[in-house]
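Here is the structure we will look at.
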Amino acid sequence: ASKRVHELRELLEKYSYEYYVLDKPTVPDSEYDKLLQELIELENNHPELRDEHSPTVRVGGQVLDYFRKVQHKVPMLSLGNAFNEEDLRDFDRRVRNGVGDNVSYVAELKIDGLAVSLTYEEGRFVLGATRGDGTTGEDITNNLKTIRAIPLRIKDKDVSLEVRGEAYMPKRSFQKLNEARQEEGQELFANPRNAAAGSLRQLDPNIAGKRNLSIFVYGIGQLSGHSVDSHSESLNFLKDLGFKTNPEWKHCKNIDEVVDFVRGWGERRQDLDYEIDGIVIKVDSLYQQEELGFTAKSPRWAIAYKFPA
Ligand SMILES: COc1nc2nc(N)nc(N)c2nc1C
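All letters in the sequence shown, in the order written, are residues 9 to 317 by the numbering used here.
Rendered as structure tokens:
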């Protein structure tokens, strides 16, 4: 039974990764469900084989009375805002005053969701938390385990890391959820962001598990067992580890390319299946990020361009 249990876990993780992270399933849902059912029965008949990182825990989890508070080892800061091209050029001038003219940027979509932190130790997902006030968040591990795009195990066991990402509800899921709530005469969610936040604040993970949430991982808070020199390298590293990163990011040689990127997405964002509220621009070199440092509440090496609401 143990051999079959491990075989099923590997298979289900692979299929889940293909479906929820790559969006390229290689087997029909019926096949996935059949294997999952077999694993659930095997685990029920052999409790000694139970594992809290088994794919079966995504659909289970006990109801909590409250969320435990957790301290972020590395604060989850907020971003300074830019509202027009001039603000972006001011940001670029400040950066170049700090680190010189040899600077490049990464521009990425700012997902309109809920910032979360995911901690992995010896390759296993051990803690998921909300941003909270930046230093203290809430332990919502059970709810985040229901997000299929979040790997419960990562291949590289020697890597321990804490990653940050934005949990979100796809627009289609938001529409279906509100239609269902309309039918049941329940209060509607105002927007996908509130729906995602409301779902992750549920004390019963079975509710969160039915909300079809997803995530885009956008950065590393802490990392040991590996090193990277730039933000673009960290995005590729996260993708290689099996995380779902947003594919629309662009390495920009200068602020002009950033401005073009921002303009482009200002027009195209309604084509996306998820809501974005802006573009985040970061100095690519981690060494230059270090040189620029932080203000009391935000990195000096990043800025969020906000689209008009
Ligand atoms: C470096 O800090 C950050 N980076 C970010 N990147 C993206 N894509 N989206 C965010 N919401 C975000 N937020 C923060 C605080």
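Even for Gly, the Cβ is constructed at its ideal location relative to N, Cα and C. Just so you know, these numbers come straight off a predicted model, no measurement behind them.
- At a cut-off of 8 Å, the beta-carbon of residue 140 does not count as near ligand 1: no heavy atom of the ligand is closer than that.
- Each residue's CA atom was taken as its position, placing residue 92 and residue 34 some 44 Å apart.
- Under the three-pair Cβ rule at 8 Å, the stretch 263-274 does not count as touching the stretch 225-245.
- The straight-line gap separating the alpha-carbon atoms of residue 28 and residue 110 is approximately 38 Å.
- Per the Cβ contact rule, the stretch 100-107 is not in contact with the stretch 204-221 (fewer than 3 Cβ pairs under 8 Å).
- Between residue 236 and residue 290, the alpha-carbon positions lie close to 15 Å from each other.
- When the beta-carbon positions are compared, residue 116 and residue 201 stay at least 9 Å from each other.
- Only residues of its own chain outside the window of five on either side were considered, and among them 124, 125, 126, 127, 147, 148, 149, 151, 152, 153 and 158 have a CB closer than 8 Å to the CB of residue 136, listed in chain order.
- For residue 226, the shortest C-beta to heavy atom distance toward ligand 1 is below 8 Å.
- Residue 215: member of the alpha helix (DSSP H) spanning 213-216, first to last residue.
- As the crow flies, the alpha-carbon of residue 63 is around 9 Å from that of residue 47.
- For residue 242, the shortest separation between its Cβ and any heavy atom of ligand 1 does not lie below 8 Å.
- The alpha-carbon of residue 255 is positioned some 27 Å away from that of residue 130.
- Residue 78 sits in a strand when the DSSP states are folded into three classes.
- For residue 125, the uninterrupted beta strand (DSSP E) run begins and ends at 122-129, by DSSP.
- Judged by DSSP secondary structure, residue 37 falls outside any beta strand (DSSP E) and instead within the alpha helix (DSSP H) spanning 37-53.
- Nearest to residue 294 by C-alpha distance, out of 198, 112 and 185, is 112.
- By the criterion of a C-beta distance shorter than 7 Å, residue 155 is surrounded in its chain by 175, 221, 222 and 223, once the five residues flanking it on both sides are discounted.
- For residue 285, the uninterrupted beta strand (DSSP E) run begins and ends at 284-291, by DSSP.
- Assignment of residue 99 by DSSP, reduced to helix, strand and coil, places it in the helix class.
- The way I'd put it, the stretch 191-209 doesn't touch the stretch 159-166; fewer than three beta-carbon pairs between them come closer than 8 Å.
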